[in-house]
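Note that our numbering has the sequence shown beginning at 359, numbered continuously upward. Don't be surprised by glycine CBs; every beta carbon is placed ideally from N, CA and C. Down below is the structure, laid out as structure tokens.
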Amino acid sequence: MRTRDAMSAAVRNTARRLHPLPIRIMHWINALAMIVMITSGWGIYDDDVIIRGFSFPGWLRLGEWAAPSLNYHFAGMWLLALNGLAYLTYGVVTGRFRERLLPIRLRDLVETVRDTLHLRIAHEDLTVYNAVQKVLYFVVIAAGVSQVVTGLAIWKPVQLSPLISLLGGFQSARVIHFIGMTVIVGFLLVHVLLSLLVPRTLWAMLAGGPRLKPSRTP
Ligand code: HEM
Numbered sequence: 359m360r361t362r363d364a365m366s367a368a369v370r371n372t373a374r375r376l377h378p379l380p381i382r383i384m385h386w387i388n389a390l391a392m393i394v395m396i397t398s399g400w401g402i403y404d405d406d407v408i409i410r411g412f413s414f415p416g417w418l419r420l421g422e423w424a425a426p427s428l429n430y431h432f433a434g435m436w437l438l439a440l441n442g443l444a445y446l447t448y449g450v451v452t453g454r455f456r457e458r459l460l461p462i463r464l465r466d467l468v469e470t471v472r473d474t475l476h477l478r479i480a481h482e483d484l485t486v487y488n489a490v491q492k493v494l495y496f497v498v499i500a501a502g503v504s505q506v507v508t509g510l511a512i513w514k515p516v517q518l519s520p521l522i523s524l525l526g527g528f529q530s531a532r533v534i535h536f537i538g539m540t541v542i543v544g545f546l547l548v549h550v551l552l553s554l555l556v557p558r559t560l561w562a563m564l565a566g567g568p569r570l571k572p573s574r575t576p
């Protein structure tokens, strides 16, 4: 009985963390999957470049040449898509997205951009994302979904020909896929830099962070 009480108390405590265990697991799986997808994608891109004269250096690519890069890309794809689906479901079902990412007010956005330009990165309260963070998270989540959809279209262009048409043809789908990658890499550079500038946020994403008031959702 005591063990059960202790277990349910532990579960309650975990659920009241800023970043509950499922979020942390999914976040780091996503980070790994994204890195595999980006670097193997560069290996595939180099075989048939979109921007003439622009290719990625060998040391940045996962896979010696296109075929092994494709294998890594297809393996990472499942991890990215299934983990992403779990994250989206969790975010919607628990109300995390509503509470953590909404509302986004234009006034807050302008204020945060102004403060950031003056190098005032206020982050005393880790439990509240600022307006810029909210927008960036929305953009990167949308870019992740777009990558899976455009990726599926260029993987199976015949079976998914209506999707290819919707995207403006095979080459256009490829370009959208490339732009999505660029958005995610841009986000990643800023995101990692900010988490190093405010290491408390990084520690929170590893250990769970501060406990939330009972009324807050996970
Ligand atoms: C690999 C290096 C990465 C590091 C060091 C990192 C670090 C962090 C940290 C510290 C937070 C918490 C921010 C805060 O509480 O203020 C966070 C949240 C988040 N990160 Fe990352 N991250 C990485 C990769 C990624 C990637 C690849 C993506 C997506 C493409 C991503 C998307 C997100 C999202 C959407 C959140 C908000 C999660 C939520 O609250 O539901 N991260 N990350």
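Using beta-carbon positions only, say whether G566 and L376 come within less than 8 Å of one another. yes
If you follow the alpha helix (DSSP H) that V550 is in, where does it begin and where does it stop? F528 to L555
Quick one: what's got a C-beta closer than 7 Å to A444's C-beta in the same chain, skipping five residues either side? M384
Around the Cβ of L438, are there at least 16 other Cβ atoms within 10 angstroms (buried) or fewer (exposed)? buried
Could you tell me which uninterrupted alpha helix (DSSP H) segments, each at least 4 residues in length, are contained entirely in the region 436 to 514, listed from first to last along the chain? 464 to 475 and 489 to 513
So, using beta-carbon positions, are L570 and R382 closer together than 8 Å? no
Boundaries of the alpha helix (DSSP H) in which V401 is found, first to last residue: In the sequence as presented, Val is not what sits at residue 401; that position holds Gly. First-last of the alpha helix (DSSP H) with G401: L379 to D405.
Which of the three DSSP states is assigned to R375 in this structure? strand
So the candidates are R532, Q517, Q491 and N488; which of them puts its Cα closest to the Cα of G509? R532
Quick check on M359: buried or exposed, where buried means 16 or more other Cβ atoms within 10 Å of its Cβ? Residue placement at M359 is poorly supported in this model, since its pLDDT is 49, which falls under 50; the coordinates still yield a value, given next. Looking at its Cβ environment, which holds fewer than 16 other Cβ atoms inside 10 Å, M359 is exposed.
May I ask you to check if the CB of L546 is nearer than 7 Å to at least one heavy atom of the ligand HEM? yes
When we look at the beta-carbon of S413 and count the other beta-carbons within 10 Å, is it buried (16 or more) or exposed? exposed
Do you know how far the Cα of L420 is from the Cα of T397? 5 Å
G449 beta carbon less than 8 Å from that of N388: no
Helix, strand or coil for R558 per DSSP? helix
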